[in-house]
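Chains as they are written, first to last, in our numbering: chain A, 1439 to 1587; chain B, 42 to 633. We put the CB at the ideal spot given by N, CA and C, even for glycine. Since the model is a prediction, treat every value here as computed from it, not as a measurement.
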């Protein structure tokens, strides 16, 4: 019986670990999908005003994650940018607090003058193993050519 | 004793079983989860890569499309920093050749770029798991407009190895198609001449008003107004020292574009539930001298009548680059095919592009106009037998070349084998029509109708002759696309008659009301009843509109070499939504 208890506790650790890892995979999938949807949407969205454009794309990114990028999610980060090298515009949303700037989300190595959309989505996921737990940062990026210049 | 042994065995079996189940679960949860993650990440990569490639494929060809697609694969894949795109140059020739593809291996990824993508290609089946095959439709475009990116990724299993699966592999692909984006705003009136003065000329009591247009969202709901847009490609280099590319002469002549409210507005009128403001549209000229239009400083762009008394409204601004006829050719025809002489004909009157450049046509692009010219051609071609069953008006049907008296109704494809076809009573032809010579509709009883329907559009072809409509006569082309050869022209007289000219709304000549390869002047005139809808494309001709009185509104997009308006009436141009050629820049659509 003692051996059984020991073996089963190990099995349960493994089971819980597996389940939480799978949940993390699901969340990673969600934010990848969110980056894809948002970049696709942004690529064809005309710019009427900077703030309107950036917010519209951010909203699509959040909605496409179906709750996995809500402001209450630990480590939530969304970055939306329209970049051509000299006239960039960017919106970051960290845990629901926004800020706008003239930077890019990241350096994608594409030449100046090529107008493109950058999206970064991030969140934290927790993998539990009963006796300990670890937080991992999940991150997805997408870049797409802007089709409305 | 027995109890002791059985318990031991049970424990062992239980543990073994639960281990098996657990590893199975772990394999499913972790390994398949990871594979799905790969799939969704790869789809993101192929979407943006195929779209990036398709965006440039028409303008720059397969090699550039391939390089861009690979660049966007690298930008979007975490594990790839750069991809060697040197293979694009040899894999893709400068023309769109069937079977071109490039495959690269980088780490655990295999990437394939394909262009063109033929209709029968495996890539044209949906790669989505569980999706059934997707039939081709008109949105899928031509093979040469398509760029496909396929990505195969493999991943070592963590748990599933124990069950015998060493590796998980997933393959996704995206096919993107090059399209034309919506320009902002749509062009209503475009003059293509590249050097001329007076490319747009308004004189006497004549006037051209380009009205605002209702903008609709994707669901078709009206959301506001788009400004009317007049553009002139001329650079004014033909010596425009006294008159400009845009010329308004006389104190009552008028050139105006209307739009949403602006500070310079000079009046307003309702359109639907919106208000259009006069002079709030857009007038753009490629020639230097803009913005503004005060005679002494605005040449060669614009001359606003004597002493600057009657400027166009709004003042013209600079057009960054000429639009050219390119978009029209891309939609209906491509110059590359004009260079082929039609087999077995003496068709000398091939269309000319004059000084207007047409770039980027590829073999896969539609050449509907040229196909029609090949089939119909000159008078010596007789009946265009490739295009259905035909009857000669005179030789087969026994109808006269001058029609008077009782009405004639014919429901057939007809070649009007008359050097001069004169209509003085009602003639109604339901079918496609080829006119061998001049067509004159005259007297108050003259009434020529070429009838097609919305569901079944058709065409009429002028092999060489003038289409004349006298002041009181009636003329109608219903859902009919008219082609005019290099020796044909339109000569309308305005008055109490009527003109109905409505372009097809489907098929190869969708939205095309007139394609004229003629360099001769085309005369249009005000009518008691005028209904024109679609694109009137006269790239080599001067279009002259002579008003009678009052206003004549057309739902047309006017594209001509030059445009002149004179006489007492005003031409109001208000194109219907989606019934014109889009002059927007390149865009792409994901189709698979």
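Status (buried if at least 16 other CB within 10 Å, exposed otherwise) for residue i
{"i": "residue 1450 of chain A", "result": "exposed"}
{"i": "residue 1605 of chain A", "result": "The shown model of chain A, from 1439 to 1587, leaves out residue 1605 of chain A, and the question about it has no answer."}
{"i": "residue 1583 of chain A", "result": "buried"}
{"i": "residue 214 of chain B", "result": "buried"}
{"i": "residue 197 of chain B", "result": "exposed"}
{"i": "residue 313 of chain B", "result": "exposed"}
{"i": "residue 1550 of chain A", "result": "exposed"}
{"i": "residue 125 of chain B", "result": "exposed"}
{"i": "residue 144 of chain B", "result": "exposed"}
{"i": "residue 438 of chain B", "result": "exposed"}
{"i": "residue 619 of chain B", "result": "exposed"}
{"i": "residue 283 of chain B", "result": "exposed"}
{"i": "residue 54 of chain B", "result": "exposed"}
{"i": "residue 563 of chain B", "result": "buried"}
{"i": "residue 83 of chain B", "result": "buried"}
{"i": "residue 61 of chain B", "result": "exposed"}
{"i": "residue 260 of chain B", "result": "exposed"}
Which listed residue (the options) has its alpha carbon closest to that of residue i
{"i": "residue 443 of chain B", "options": "B:488, B:418, B:410, B:428", "result": "B:488"}
{"i": "residue 527 of chain B", "options": "B:546, B:506, B:519", "result": "B:506"}
{"i": "residue 1511 of chain A", "options": "A:1465, A:1566, A:1447", "result": "A:1465"}
{"i": "residue 583 of chain B", "options": "B:234, B:180, B:155", "result": "B:234"}
{"i": "residue 342 of chain B", "options": "B:441, B:57, B:276, B:266", "result": "B:276"}
{"i": "residue 602 of chain B", "options": "B:365, B:483, B:496", "result": "B:365"}
{"i": "residue 1575 of chain A", "options": "A:1476, A:1581, A:1535, A:1506", "result": "A:1506"}
{"i": "residue 567 of chain B", "options": "B:318, B:532, B:628", "result": "B:532"}
{"i": "residue 138 of chain B", "options": "B:121, B:126, B:98", "result": "B:98"}
{"i": "residue 330 of chain B", "options": "B:322, B:339, B:324", "result": "B:339"}
{"i": "residue 102 of chain B", "options": "B:73, B:187, B:253", "result": "B:187"}
{"i": "residue 553 of chain B", "options": "B:361, B:573, B:537, B:286", "result": "B:573"}
{"i": "residue 1548 of chain A", "options": "A:1463, A:1558, A:1490, A:1522", "result": "A:1522"}
{"i": "residue 431 of chain B", "options": "B:308, B:441, B:451", "result": "B:451"}
{"i": "residue 436 of chain B", "options": "B:420, B:427, B:456", "result": "B:456"}
{"i": "residue 1572 of chain A", "options": "A:1442, A:1445, A:1443, A:1459", "result": "A:1459"}
{"i": "residue 466 of chain B", "options": "B:446, B:544, B:453, B:459", "result": "B:446"}
{"i": "residue 241 of chain B", "options": "B:89, B:63, B:357", "result": "B:357"}
Where the beta strand (DSSP E) through residue i begins and ends
{"i": "residue 191 of chain B", "result": "187-197"}
{"i": "residue 150 of chain B", "result": "150-155"}
{"i": "residue 434 of chain B", "result": "Premise fails: residue 434 of chain B is in no beta strand (DSSP E) and is neither H nor E."}
{"i": "residue 1544 of chain A", "result": "No beta strand (DSSP E) holds residue 1544 of chain A; DSSP gives it neither H nor E."}
{"i": "residue 583 of chain B", "result": "568-588"}
{"i": "residue 606 of chain B", "result": "592-608"}
{"i": "residue 415 of chain B", "result": "Residue 415 of chain B -> not in any beta strand (DSSP E); alpha helix (DSSP H) instead, spanning 409-417."}
{"i": "residue 614 of chain B", "result": "611-614"}
{"i": "residue 488 of chain B", "result": "488-492"}
{"i": "residue 554 of chain B", "result": "553-557"}
Enclosing alpha helix (DSSP H) for residue i [first to last residue]
{"i": "residue 96 of chain B", "result": "74-117"}
{"i": "residue 1584 of chain A", "result": "Residue 1584 of chain A -> no alpha helix (DSSP H), and no H or E assigned at all."}
{"i": "residue 1411 of chain A", "result": "Look at the range of chain A in this structure, 1439 to 1587, and you will see that residue 1411 of chain A is not part of it."}
{"i": "residue 661 of chain B", "result": "This structure does not reach residue 661 of chain B, given that chain B is present from 42 up to 633, and the question cannot be answered."}
{"i": "residue 138 of chain B", "result": "Residue 138 of chain B -> no alpha helix (DSSP H), and no H or E assigned at all."}
{"i": "residue 1490 of chain A", "result": "1488-1502"}
{"i": "residue 128 of chain B", "result": "128-132"}
{"i": "residue 369 of chain B", "result": "367-373"}
Identified DSSP bridge partners for residue i
{"i": "residue 1527 of chain A", "result": "A:1520"}
{"i": "residue 1563 of chain A", "result": "A:1574"}
{"i": "residue 451 of chain B", "result": "B:470"}
{"i": "residue 508 of chain B", "result": "B:480, B:531"}
{"i": "residue 1515 of chain A", "result": "A:1532, A:1560"}
{"i": "residue 630 of chain B", "result": "B:218"}
{"i": "residue 503 of chain B", "result": "B:476, B:525"}
{"i": "residue 518 of chain B", "result": "B:491, B:542"}
{"i": "residue 462 of chain B", "result": "B:480"}
{"i": "residue 343 of chain B", "result": "B:287"}
{"i": "residue 1537 of chain A", "result": "A:1530"}
{"i": "residue 147 of chain B", "result": "B:150"}
beta-carbon residue i near the ligand FMN non-hydrogen atom, thresh 6 Å
{"i": "residue 53 of chain B", "result": "As presented, the structure is devoid of all ligands, the ligand FMN included, so that no description of it is given."}
I'd like the ranges of any beta strand (DSSP E) spanning at least 3 consecutive residues and lying wholly in the stretch 200-257 of chain B.
Whole beta strand (DSSP E) segments, 3+ residues: 208-221, 230-232, 241-243, 248-251, 254-257.
My parser needs the beta strand (DSSP E) runs of 3 or more residues fully inside the stretch 259-326 of chain B; what are they?
Counting only runs of 3 or more, we get 263-267, 270-273, 287-289, 295-298, 309-312, 315-318, 323-326.
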